[in-house]
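**Q** What follows is a single structure, and I will ask about it in a moment.
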Amino acid sequence: MNPEEEKRATPSSSPVFVHNPHLDVMKDDVLYHFALGTATHNLPAMFGDVKFVCVGGSPWRMKSFTEYIAAEIRMEDPESEYPNICAGTDRYAMYKVGPVLSVSHGMGIPSIAIMLHELIKLLHHAHCEDVTIVRIGTSGGIGLEPGTVVVTKKSMDATFLPKFEQVILGKTVERNTDLDQCLAEELLQCSKELNQFETVIGNTMCTLDFYEGQARLDGAFCSYTEKDKQDYLKKASEAGICNIEMESSVFAAMCKLSGLRAAVVCVTLLDRLKGDQMNGSHEVLQSYQLRPQILVGNYIKKLLKVKAGRSCNSATV
19 MNPEEEKRAT PSSSPVFVHN PHLDVMKDDV LYHFALGTAT HNLPAMFGDV
69 KFVCVGGSPW RMKSFTEYIA AEIRMEDPES EYPNICAGTD RYAMYKVGPV
119 LSVSHGMGIP SIAIMLHELI KLLHHAHCED VTIVRIGTSG GIGLEPGTVV
169 VTKKSMDATF LPKFEQVILG KTVERNTDLD QCLAEELLQC SKELNQFETV
219 IGNTMCTLDF YEGQARLDGA FCSYTEKDKQ DYLKKASEAG ICNIEMESSV
269 FAAMCKLSGL RAAVVCVTLL DRLKGDQMNG SHEVLQSYQL RPQILVGNYI
319 KKLLKVKAGR SCNSATV
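All residue numbers for the sequence shown refer to the numbering used here, where the first residue is 19 and numbers rise by one.
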């Protein structure tokens, strides 16, 4: 482990910030969509040891990640049944193994934004420090072979600008979407050591829609041509955009505001320059979806200095 990784693996006094004075006068903070609360649950006891948070769209994927990381860090029996901490709600799913928290966020900016508000408050109420958070997911690639993993450098909007805009009290507020570049480089290095699949660092375009917003030709509505689509995606590529998804901008903005060290790691399921629909077999697509969790799991294992009988460059699925 290099000096930078040693530094990151050592607990520091970096808290999780909330920027809301109203929270200070609340007797009870109900995290409604998690079915948790400060009056009903001992959040420091439940979550105070959390150092890593991994979030992704589907509950299935996050439970799978929990089982995977349990085997990697060897802190608990990977064959155990991991209960859904948020079983009192059907909005999100949450699992925990050792210092690693795994949370689903649904699809799109509104869904992940709601989850992040409550997750950031949870980490704050639990007095967590030195937390690293990573979004793992799937995406459409631009000029990349399917199965390529993209570690996001900057999240860009559909006009290729690195910003997230939100309307608050009728006014548009613009927020920065920078992610931790040291963390991105560390993840890239871990992938090189793994040597199992291609990984690149590049910009990610975050859209508000899966179809027209991503220049697809196969939605219920389409008012542009194949040439229009190709011209748009080529301009995106010229802006350094390697892939397209629907959550990274608000994720980057909110993590930066709260002081969380954050990264986005998404696998590409297809090259959008060659088509719009995912025609690969179920088995192949499933194997692609495992790649971000393999990379992030091995990165976490390195930082926790777990001696699992094999190094990062000899790990297998």
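Even glycine gets a Cβ: it sits at the ideal position worked out from N, Cα and C. From a predicted model like this one, the values you see are computed outputs, not experimental measurements.
Could you work out which residue in Gln311, Asn316, Asp47, Asp249 is closest to His142 when comparing CA atoms only?
**A** Of the candidates Gln311, Asn316, Asp47, Asp249, the one whose C-alpha sits nearest the C-alpha of His142 is Asp47.
**Q** Alpha carbon to alpha carbon, how far is Met14 from Val314?
**A** For residue 14 there is no data in the structure shown, the boundaries of the chain being 19 and 335.
**Q** So, helix, strand or coil for Ala144, using DSSP?
**A** Three-state result, Ala144: coil.
**Q** Identify whether Gly315 lies in helix, strand or coil by the three-state DSSP scheme.
**A** Reduced to three states, the DSSP call for Gly315 is helix.
**Q** Among Asn221, Leu287, Pro117, Thr195, whose alpha-carbon lies nearest the alpha-carbon of Leu322?
**A** Among Asn221, Leu287, Pro117, Thr195, the Cα nearest to that of Leu322 belongs to Pro117.
**Q** Quick one: what does DSSP say Gln232 is sitting in, helix, strand or coil?
**A** Gln232 falls in the helix class under three-state DSSP.
**Q** Within the same chain, show all residues whose beta-carbon is closer than 8 Å to that of Tyr110, passing over the 5 residues directly before and after it, in chain order.
**A** Correct list, in chain order: His51, Phe52, Pro77, Cys104, Val121, Ser122, His123, Gly124, Met133.
**Q** Under the rule that 16 or more other beta-carbon atoms within 10 Å means buried, what is Asn213, buried or exposed?
**A** So Asn213 ends up on the exposed side.
**Q** Grouping DSSP H, G and I as helix and E and B as strand, with all else coil, what is Cys273?
**A** If DSSP states are grouped into helix, strand and coil, Cys273 belongs with the helices.
**Q** If I measure Cβ to Cβ from Thr56 and keep anything under 7 Å in the same chain, skipping five residues before and after, which residues do I get?
**A** Around Thr56: Asp46, Asp47, His143.
**Q** Classify Asp42 as helix, strand or coil using the three-state DSSP reduction.
**A** It is helical.
**Q** Distance check for Cys208 and Ile138, CA to CA, integer angstroms please.
**A** Their backbone Cα atoms lie some 27 Å apart in a straight line.
**Q** In the DSSP assignment, find the unbroken beta strand (DSSP E) run with Ile103 in it and report its ends.
**A** Taken as a continuous stretch (DSSP letters only), Ile103 belongs to no beta strand (DSSP E), as it is neither H nor E.
**Q** Taking contact to mean at least 3 C-beta pairs separated by less than 8 Å, is the stretch 67-76 in contact with the stretch 149-162?
**A** Enough Cβ pairs lie closer than 8 Å, so yes.
**Q** With distances taken Cα to Cα, identify the nearest neighbour of Asp289 among Pro39, Phe35, Thr166, His145.
**A** Residue Thr166 is the option with its Cα nearest to Asp289.
**Q** Near Gly277, what residues of its chain come up, given a Cβ to Cβ distance below 8 Å and the 5 sequence neighbours on each side ignored?
**A** Closer than 8 Å at the Cβ level, and outside the excluded window around Gly277, lie Ser32, Pro33, Val34, Phe35.
**Q** Mapping DSSP to helix, strand and coil, what is Gln184?
**A** Residue state, collapsed to three classes: strand.
**Q** Let me check understanding here. Comparing Cα to Cα, which of Asp236, Thr195, Asn261, Gln184 lies closest to Val169?
**A** Per the Cα distances, Asn261.
**Q** Between which two residues does the beta strand (DSSP E) harbouring Phe70 extend?
**A** Per DSSP, Phe70 belongs to the beta strand (DSSP E) from 70-74.
**Q** Taking only three categories from DSSP, how would you classify Ser129?
**A** Helix, per DSSP.
**Q** What three-state label does DSSP hand Arg347 in the structure shown?
**A** Nothing about residue 347 can be reported from this structure: the residues present for the chain run from 19 to 335 only.
**Q** In three-state terms, what does DSSP make of Lys323?
**A** Correct three-state label for Lys323: coil.
**Q** State the Cα-Cα distance for the pair Thr217 and Ser129, rounded to the nearest angstrom.
**A** Each residue's alpha carbon lies about 27 Å from the other.
**Q** Do Val285 and Thr156 have their C-beta atoms closer together than 8 Å?
**A** For Val285 and Thr156, yes; Cβs fall inside 8 Å.
**Q** Closer than 6 Å by C-beta to Ala27: which residues in its own chain qualify, once you throw out the five before and the five after it? Chain order, please.
**A** Caution applies to Ala27, whose pLDDT of 46 falls short of 50 and renders its modelled position unreliable; the model cannot decide the point.
**Q** Can you give the Cα-Cα distance for Lys247 and Pro62, rounded to whole angstroms?
**A** Their Cα atoms are separated by approximately 50 Å.
**Q** Please classify Met44 as buried or exposed, where buried requires at least 16 other C-beta atoms within 10 Å of its C-beta.
**A** Classification of Met44: exposed, given that the 10 Å Cβ count is below 16.
**Q** Please classify Glu136 as buried or exposed, where buried requires at least 16 other C-beta atoms within 10 Å of its C-beta.
**A** With 16 or more other Cβ atoms within 10 Å, it is buried.
**Q** Who does Val149 pair with in a DSSP beta bridge?
**A** Bridge partners of Val149: none, in fact.
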